[in-house]
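Visitor: These protein sequences, in sequence, are chains A, B, C and D.
So that you can map any letter, position 429 of the first sequence is 429 in our numbering, and since no number is skipped, the others follow by simple counting.
Here our numbering = 1-based position in the second sequence + 485.
Here our numbering = 1-based position in the third sequence + 593.
Here our numbering = 1-based position in the fourth sequence + 1157.
All residues carry an ideal CB built from backbone N, CA and C; glycine is no exception.
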Amino acid sequence: MSPLDLLVAAPLAFMVAALVAGQGGRWLILAAGPVMLALSAWLVVLPPGVAHLVGDWDLPLGILLRADGVARLLVPATSACFVAVALYAWHEFSPKAGAETARAHTFWPMLYLMWGGSNAGYLTTDLFNLYVTIEMVSLAAVAMAAMGSLAAGLQYFLIALVGSLAYLLGVALLASHYDTVDATLLAVRARPDLPTLMAITVMTAGLLVKTALFPLHGWLPPAHAAAPAPASALLSAVVIKLGFVILLRLWFEAFAEIIRPAAMDLLGGMGALAILYGSVQAIRQERLKLLVAYSTVAQLGYLFLAFPLIANAQNPAEPWAAVLVHAVSHMLAKAAMFLAAGLMLKAVAGDRISDLAGLARAMPLSVTAFALAAISLAGLPPSGGFTAKFLLLHAAIEQGRVVPAAVLVIGGLLGAVYLFRPLSVAFSGSAAPAVRAEAPLRVAAPLALASLAIALGFAGMTLIELSSVAAPPAVAGPVQAEPGR
Amino acid sequence: MTVPAVLGHLFPLTGAVLVGLGLCGFITLRHPLRQLLAVNVIGAGIFLILGGLGRGEGVTDPYPQALVITGIVVSVALTALGTAMIARLSEDRRAAGSGPDQPKDQDP
Amino acid sequence: MTADLAPLLPLAVVWPLVLALFCLVPAWGPRMIALLPLAPVPALCAALLAPRDQIARLPGILLDGGLVLGDTGAVFLGGAALLWVCAGIYAARFLRTDPRPAGFALFWNVVLAGNLGVFVAADIVSFYVFFALVSLMAYPLVIHDRKPASLRAGTAYIVLAVIGETALLAAFMLASYHAGGSLWIADVRAGLGLPGSPSAILWLMILGFGIKAGLMPLHVWLPVAHPAAPVPASAVLSGAIVKAGIFGLLVFLPFGVPVPLAGTVLALLGFAGLFAGALLGLAQPGGKAVLAYSTVSQMGLVMGVLGAALAAGTPAAAVLPAAALYALGHGLSKGALFLSYGLAPWCGRGWRRALVAVALLLALSIAGLPFTAGALAKSAIKGPAGPFGATLIGLSALTSALVLARFLAVLPPARAGAGRPPLLLALPVLALAGAALVLPVVLYPAVAGKAPFAATTLASLLEGTWPLALAGLLVIGALALGLKPPLLPEGDLLDLMRRSVAAARAGFEAAVRTGAVSMHDSQGRPAAVWGDNLARIEALVRDRASIAVVLLVLMGALLAALLR
Amino acid sequence: MMLSAPLVLVLLPLIPAIISFALPERLAAWRNAANLVAATVKVGIVADLLRQVRGGVDLEWRYTFLPGHDFLLRVDTLALLFVSLSVFLWLVTTVYAIGYFGRGPNLARFFGFFNLCVLSATGVALSGTVVTFFLFYELLTLATWPLVVHNGDEKSLRAGRIYLAYTLAGSAAFLVGILWLKALVGSIEFTAPPDLSAVPPLTLTLIFVLCVGGLGVKAALFPLHGWLPTAMAAPAPVSALLHAVAVVKAGAFGIVRMIYDVYGIGTVAELGLGPPLAALAAFTILYGSLRAVMQDEIKTRLAYSTVSQVSYILLGASLIGPFAVIGGLVHLVHQGIMKITLFMCAGALANRLGIKAVTDLDGAGRLMPVTMAAFSIGALGMIGVPPVAGFISKWYLGIGGLQSDAAWVVAVLAGSSLLNAAYFLPMLYRAWLLPPPERAGFRELGTTRDRMLVLPAVVTAAAALAAGVFASSSFSPLTWAKLIAERGYLQ
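(1) Could you tell me the distance, in whole angstroms, from the CA atom of ALA1132(C) to the CA atom of LYS1496(D)?
(2) So what does DSSP say about SER1284(D), is it helix, strand or coil?
(3) Within this structure, are the beta carbons of PRO825(C) and ASN702(C) separated by less than 7 Å?
(4) Between CYS1502(D) and VAL661(C), what straight-line distance do the alpha-carbon atoms span, to the nearest angstrom?
(5) Under 7 Å, Cβ to Cβ, is there at least one residue of chain D near GLU438(A)?
(6) Just to confirm, are LEU918(C) and ALA973(C) a CB contact at a threshold of 7 Å?
(7) Using a Cβ cut-off of 7 Å (strictly closer), state whether VAL1566(D) contacts chain C.
(8) Tell me, please, which residues DSSP counts as bridged to VAL1232(D).
(9) How about ALA231(A) and MET147(A): are their beta carbons less than 7 Å apart?
(10) Run down chain F in chain order and give the residues with a C-beta less than 7 Å from the C-beta of LEU1283(D).
(11) So that I know if they touch, is there some Cβ in chain B lying closer than 7 Å to that of PHE128(A)?
(12) What residues of chain D sit near ARG361(A), judged by a beta carbon separation below 9 Å?
(13) Is the separation between the beta-carbon of ILE1549(D) and that of SER1574(D) shorter than 7 Å?
(14) Expressed to the nearest angstrom, what Euclidean distance is found between the alpha-carbon atoms of LEU1020(C) and ALA698(C)?
(15) Enumerate, from N- to C-terminal direction, the unbroken beta strand (DSSP E) stretches of 3 or more residues contained entirely within the stretch 152-216 of chain A.
(16) Give me whichever residues DSSP pairs with ALA714(C) in a beta bridge.
(17) Looking at C-alpha atoms only, which residue of ALA41(A), MET36(A), LEU64(A) and ALA38(A) is the closest neighbour of GLY49(A)?
(18) Which word fits LYS1077(C), buried or exposed, when buried means at least 16 other C-beta atoms lie within 10 angstroms of its C-beta?
(19) Determine the contact status of GLY838(C) and LYS881(C), defining contact as a CB-CB distance below 7 Å.
(20) Determine which residues share a DSSP beta bridge with LEU65(A) and list them.
(21) GLY218(A) and ALA298(A) look like a contact to me (Cβ under 8 Å); what is the Cβ gap, rounded to whole Å?
(22) Do you know whose CA, among LEU130(A), PHE386(A), ARG352(A) and LEU423(A), lies nearest MET363(A)'s CA?
(23) How big is the Cα-Cα spacing for GLY1423(D) and GLY672(C)?
(24) For ILE1556(D) and chain C, any beta-carbon pair shorter than 7 Å?
(25) Determine which residues share a DSSP beta bridge with LEU1223(D) and list them.
(26) Who are the Cβ neighbours of TYR294(A) in its own chain at under 7 Å, not counting the five residues just before and after it?
(27) Closest by CA to GLY863(C), which one among PRO878(C), LEU899(C), LYS836(C) and TYR886(C)?
(28) Can you check which of these residues, VAL407(A), GLY268(A), VAL44(A) and THR78(A), is closest to ALA233(A) by C-alpha distance?
(29) Measure the alpha-carbon distance for ARG442(A) versus ALA341(A) and round it to whole angstroms.
(30) Which one or two residues does DSSP pair with LEU651(C) in a beta bridge?
(31) Less than 8 Å between the CB atoms is what I'm expecting for LEU830(C) and VAL889(C), so what's the real figure, rounded?
(32) What's the C-alpha gap between ASN119(A) and LEU7(A)?
(33) Which first and last residues belong to the alpha helix (DSSP H) in which TYR294(A) is found?
(34) Among GLY62(A), LEU150(A) and SER138(A), which one has its Cα closest to the Cα of GLU576(B)?
(35) Applying a beta-carbon distance threshold of less than 7 Å, which residues of chain D neighbour VAL409(A)?
(36) Can you find a CB in chain D that lies within less than 7 Å of the CB of LEU393(A)?
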């Protein structure tokens, strides 16, 4: 067995176990956590170019799993998120929690389903298989979103469904046109003819819906804000990323040759708009979780703003690394932020930013976690967020692209504006409100994630090397030439 | 033009029509259940295209078939989830006193 | 022999500072006043014994400064030290019951150090430091008794002092730069003599030193500050501290090279002060004010001479000794007069007559009665003054005599039951008087190169006597007719300025209240009006939304500046 | 070498920071001890470094954190000037802060972030590359923010918002500038100024404007100074160390680096960038003083005085002449010492007597003579009264101005001296000469805490005096500034 399919199989096994265990589902994490973290670590240190054909079926029929840079960065981060969230949810979704017992039944299996689905998504190159994984993840995500507000969950579900069908349509076209839907093979066979371009269009559109890129983000804030904290964390941190990863595979691997710069610019422009719009919306929010949700809308913009920068860079490896580092650090930071927000809001039994007054004294650790996450999200040094923004800005300036550079700078400032607002409320007031002392285990989760996001800022070189492992030719830069660690 | 050729294009074209209908439905209809059905229509259309295009001269290519089957399984699962949610939602609404056919107005 | 005496110079300056430090010790402070006489002693020794024209380097201090004792400096140093000693003795007794002895002793010592340092500084930085000490630190002495009048006087004093300091700083910067960056006073003076040096330097120096020495329009602080201080402080203010300004002019003005414009202006202002000061002094009710004005007048004389000499390009050798001699004589006698003013209330019966006699003698000497030290000093300084100046000086005997007569007239009456004055008060007066009457005579040969009173002719006698005789007649006449001089407020122009400023402010406030100037919450103070306007700019600049704009504006502005 | 002196120097404050964060309030004594020990140790290290660097040693610690961007800590003369200032003042201010707060709320937080600020300030000083500088520069912003909002009232929150808005916008501009430059000429080390000959002048000018504009925010260069007066809502120790010394100096220091170590005198002169900057600095000097005259609140008045005084450094740097450089650099130290004295005294007055406004100062000199004496020395130094240190800076700046044919500098200095006198002397007048309100049995130095509150100011005041009197002695700031000038800037 290679870690590649274990990474997919193990969570599914745990899902089944959780379904069986029912009430006791939460105990599984004690086993799942170490196992998955170990597998992720194993994945990271695999020699470059390791690939694995599921069931030894050869392409095009077989399904190829491989440990490229994307996987090596995103799989460990995802595992970290899931473990942390699970630790946090330990109390929230426990039988003891009374009314939430019903949720406890659904939450734990969904968690593992989402885990397996996303891992599969990062590892596979088969577009149809990707469709399956994204549906697995969507299913879990919808279930989790529904825990908060059924209406929001339903809306999310329907929109996501349309998105995935659009994607499926594209897959159908490709399958009939090229008799394969494997990205690596398509990279060789793809021709810029009408069906292909149509396929790319519908697939991209579908994925953009799932990724909630402005102006397709309408469903995201209500769903993410309404869900219980651990669910929101997973929705914002993990679920969104899968669609993005698939887009990366399409745009820079399968069809890198035939995609026109204009298209890249279009995506970049939407990304820019998303950054500005999302930030402005976040600034306007009065409810903490809505603020965080809109910040997700804004942060997703950076991922797409990078597209043209990667496409036009003379050394694409750096922006490529930047976009992956951004995805990872946003994953960690956003999860941490939602968890910390959940802790604080639960403590003060409110959901408004103004309710946080004085928490810096009452719950220093939670506020610290929130602050660290905020630093990374606002792209302030030292943090993964900064490294990503730094590399992107560097690329933008190198290519003399004024607009992306300006958007990066302004977006960072806006980010600081909306992220420091809750903080300054937390610092306000000299009298601490009377709230329960923080439970170390639960605070540890967001704190650890946020610290990781910060720590990424010190590992720039390592991240860049990782991201360049088995990178598609379109984004392979001189960095790849250097031998690995 | 020969019959098989026509047939060869018949399935994809029908599928396309279905997809279009489904989209119209999804856009125009407000009730979640109807929208879910519309989505299913779209799905059916897509599977038709998938299968149809795969259908070569005489021989049938197993690959699209496999995809179609998988796709159907997935859509069934999702439809089940969706209907469950809609059912729950309408129960809640009824409990809250508003009729089941109210267009859903979600409150974030 | 000289080698081991070289350290006397630094000691002369450091010793008072050490005493000043002792004053800071709470337990000792009040008692330190008894040690005031000891503070100037090293300086006195240095003036007599320290080797001349030999720079004592102070490595590491300030900008590697140094001290040097020139001939002129020696005269000033000796005279000042003597005056400070006597005034110190006097103060030890005079302030015995003072509420704030520690503070007085502290600043007395600091000012002393500065005053002495000015006379021995070898580089402009040390000079500037000492000058700042002597002028700024004298402020606490001026306002020592904290009376409202004193505080007002102090304000006038400090404002002008700060302006003077700033002018000097600018002057020194320019001077040092144009002297090729050298800091040595000698080089700087030489540099000033060179044709290329900007005239601004001279003007700034005249401004800076003129303020200190009471040059006519800048003298306003002097008649209010000197009377405000306690008697011994006034004595040193008028006798020694003022000399710092004179010394500055002596040291820095490039004599030998004709500088027509600056010289003429200085001469005119100086001689104007010579007469105006005396006349204004006549109109003063208070004895100390009268003396202060007499100081203005006397210093005006010296500066007038310096100006004339500067304009004429008289070589330094001809100017410095005479001026030094005159300053010495004036310093000692003026100090003695101030002390005697303070002594007057203590002297009953015969003692008072003796005191008046001494004062009269000093007065006559200052006025230049033949065969007095004053006469010698005058005759010596007439040389560099030039013919016109000499005439004016001759005439000034009249005004000087009158103003000093006025002083004797307003000498305060004896206290009830006053008899024999305390020795510690009387002794310094006598000592200073004696020194004032003797020292110039002793030093005269060294200055004029001839024996004192050698060239006394009938003409010179007449010339020296008639103004005094006339003055005597006027005084007698005035007494006979019971004429009283009109009374003017101390600090003539200052008072005028105060009133005009007040009027202007009142007018402005009126204008403001009638809405001529838009203002919101400020109570009609002009500053507040400007404050509002600036606050608006500030608010604009501080507005968070406009930060980016401000950055851009800044860039645009800089850019425009760069692209022109 | 993994654990070289620069790294240790930068990371040392982490230890007391962590201790401060971790220890509960009841162990405050241990926290204070930890802070004091760390501060003292750091002073020791710096003293040793001073010796080594004077001997010509240059230590550095390098780590590539992104391709083409090295993280470089380097100990050179200029760095040490700033470092020694900040460590000395750190020690003093730690003592002061302990005395100032006693046992108040949020102290663990305060000392924690306080140490982080010192860390960033040291980093700013030791940065060897532009990017490293930027990292610490930004970190400084983040670490100071919690201190600005320390009091938690609406005033300080507003101050915090304004502070962030200004500084983050500024450093964004700075970041764009340095990345632009990097894109043009590759990575930039201070020790090896890049070759800018190939870059078009207009571009260079724009980049310069971006960078100086960004740094000018922290340096409170008009019109980017708006944050400084409001930031005075922070507690006195913060204002003292951070807003009079660390933060504003970081900006000024950065501009010096830009002019001399990135662009180089030659290029700056070619582009004609010096005069406009000098003019702006001169205007800031006068404007700040003018505004200061109109303030009634002591700390605000001091803040505007800072606005004015920091621009002396920029003036010196932008005049580009040997004496001007020396004057600017030495003022970096002198202004720091004098201004921290003033702030600590103001804090002590507010803390013990509740005096916040100039109009409340009446008789303060009689109630707290020691404090006011220190304050007076600082104030006189600011005016430029010799022999206090400020005079030395002014002297060198003036001569420097003349050397670069800018005689107007002398006028500016004179004018600012007069203005300084106009807003400092009235304070001294009130404090010393007007009668105090009745306060029975008030003792300035009653308890240990009082001494910890008052004596630091005395120490710094004495230092300011000594720096002036012994200006040319071999360990004076002036001598060090001269050394920097000789080693670096006067080829």
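Guide: Reading off the structure:
(1) Residue numbering aside, residue 1132(C) sits at position 539 when the third sequence is read from its first letter. Residue numbering aside, residue 1496(D) sits at position 339 when the fourth sequence is read from its first letter. Per-residue confidence for ALA1132(C) stands at a pLDDT of 43, beneath the threshold of 50, marking its modelled position as unreliable; the derived number appears in the next sentence. Taking the straight line from one Cα to the other gives about 25 Å.
(2) Counting from one through the fourth sequence, the residue named residue 1284(D) turns up at place 127. If DSSP states are grouped into helix, strand and coil, SER1284(D) belongs with the strands.
(3) The residue labelled residue 825(C) in the question sits at position 232 within the third sequence. The residue labelled residue 702(C) in the question sits at position 109 within the third sequence. No. Outside cutoff.
(4) As a working note, residue 1502(D) is residue 345 in the fourth sequence. As a working note, residue 661(C) is residue 68 in the third sequence. If you take the alpha carbons of CYS1502(D) and VAL661(C), they lie about 39 Å apart.
(5) On the first sequence, residue 438(A) is found 438 positions in, with the first residue counted as 1. No, GLU438(A) lies away from the interface with chain D (no Cβ there is under 7 Å from its Cβ).
(6) Within the third sequence, the letter at position 325 stands for residue 918(C). Within the third sequence, the letter at position 380 stands for residue 973(C). Cβ atoms of LEU918(C) and ALA973(C): closer than 7 Å.
(7) Here residue 1566(D) refers to the residue found at position 409 of the fourth sequence. Output row for VAL1566(D): interface = no.
(8) Mapped onto the fourth sequence, residue 1232(D) falls at position 75. In the DSSP output, where bridge partners are listed per residue, VAL1232(D) has LEU1216(D).
(9) Taking the first residue of the first sequence as position 1, residue 231(A) is located at position 231. Taking the first residue of the first sequence as position 1, residue 147(A) is located at position 147. Yes, they are a contact pair.
(10) Here chain F cannot be found, since the structure's protein chains are A, B, C and D.
(11) Within the first sequence, numbered from 1, the residue matching residue 128(A) stands at position 128. For PHE128(A), the answer is yes, since a Cβ of chain B falls inside 7 Å of its Cβ.
(12) As a first step, residue 361(A) must be located in the first sequence, where it is residue number 361. Per Cβ cutoff of 9 Å: PRO1262, ASN1263, ARG1266 and GLY1309.
(13) Within the fourth sequence, numbered from 1, the residue matching residue 1549(D) stands at position 392. Within the fourth sequence, numbered from 1, the residue matching residue 1574(D) stands at position 417. In this structure, SER1574(D) does not lie closer than 7 Å to ILE1549(D) by Cβ.
(14) Here residue 1020(C) is taken as the residue at index 427 of the third sequence, counted from 1. Here residue 698(C) is taken as the residue at index 105 of the third sequence, counted from 1. Distance between the alpha carbons of LEU1020(C) and ALA698(C): 20 Å.
(15) none
(16) The residue labelled residue 714(C) in the question sits at position 121 within the third sequence. BP columns for ALA714(C) point to LEU660(C).
(17) On the first sequence, position 49 is the one that residue 49(A) refers to. GLY49(A) has its Cα closest to that of LEU64(A), out of ALA41(A), MET36(A), LEU64(A) and ALA38(A).
(18) Position 484 of the third sequence, counted from the start, is the residue given in the question as residue 1077(C). Its Cβ having fewer than 16 others within 10 Å, LYS1077(C) is exposed.
(19) What you label residue 838(C) is simply residue 245 of the third sequence in a count that begins at 1. What you label residue 881(C) is simply residue 288 of the third sequence in a count that begins at 1. The answer is no: Cβ separation not under 7 Å.
(20) Here residue 65(A) is taken as the residue at index 65 of the first sequence, counted from 1. LEU65(A) pairs with HIS52(A) and THR124(A).
(21) On the first sequence, residue 218(A) is found 218 positions in, with the first residue counted as 1. On the first sequence, residue 298(A) is found 298 positions in, with the first residue counted as 1. So it is not a contact: roughly 15 Å between Cβ atoms.
(22) Within the first sequence, the letter at position 363 stands for residue 363(A). Checking every option, the nearest Cα to that of MET363(A) belongs to LEU423(A).
(23) Counting from one through the fourth sequence, the residue named residue 1423(D) turns up at place 266. Counting from one through the third sequence, the residue named residue 672(C) turns up at place 79. When rounded, the distance between both Cα atoms is 56 Å.
(24) The sequence position of residue 1556(D) within the fourth sequence is 399, counting from 1. The beta carbon of ILE1556(D) sits closer than 7 Å to some beta carbon of chain C.
(25) Stepping through the fourth sequence from its first residue, residue 1223(D) is reached at position 66. Per DSSP, the beta-bridge partners of LEU1223(D) are HIS1226(D).
(26) For this step, residue 294(A) is matched to residue 294 along the first sequence. Result list for TYR294(A): PRO221, GLY278, GLN281, ALA282 and GLN285, in chain order.
(27) Taking the third sequence and counting its residues from 1, the one referred to as residue 863(C) is at position 270. Taking the Cα of GLY863(C) as reference, the smallest distance to any Cα among PRO878(C), LEU899(C), LYS836(C) and TYR886(C) is reached at LEU899(C).
(28) Along the first sequence, read from residue 1 onward, the residue named residue 233(A) stands at position 233. For ALA233(A), the closest alpha carbon among the candidates VAL407(A), GLY268(A), VAL44(A) and THR78(A) is that of THR78(A).
(29) As a first step, residue 442(A) must be located in the first sequence, where it is residue number 442. As a first step, residue 341(A) must be located in the first sequence, where it is residue number 341. So the two alpha carbons sit approximately 12 Å from each other.
(30) For the purposes of this step, residue 651(C) is taken as residue 58 along the third sequence, with counting starting at 1. Answer by DSSP bridge pairing, in chain order: GLY658(C).
(31) Counting from 1 along the third sequence, the entry for residue 830(C) is found at position 237. Counting from 1 along the third sequence, the entry for residue 889(C) is found at position 296. That belief does not hold up - the Cβ atoms of LEU830(C) and VAL889(C) are roughly 12 Å apart, past 8 Å.
(32) The residue given as residue 119(A) occupies position 119 in the first sequence. The residue given as residue 7(A) occupies position 7 in the first sequence. So the two alpha carbons sit approximately 6 Å from each other.
(33) Taking the first residue of the first sequence as position 1, residue 294(A) is located at position 294. Taken as a continuous stretch (DSSP letters only), the alpha helix (DSSP H) holding TYR294(A) covers 288-312.
(34) Position 91 of the second sequence holds residue 576(B). If we check each option's Cα against that of GLU576(B), LEU150(A) comes out closest.
(35) On the first sequence, residue 409(A) is found 409 positions in, with the first residue counted as 1. Per Cβ cutoff of 7 Å: ALA1329 and VAL1333.
(36) As a working note, residue 393(A) is residue 393 in the first sequence. It does: the Cβ of LEU393(A) has a partner Cβ on chain D nearer than 7 Å.
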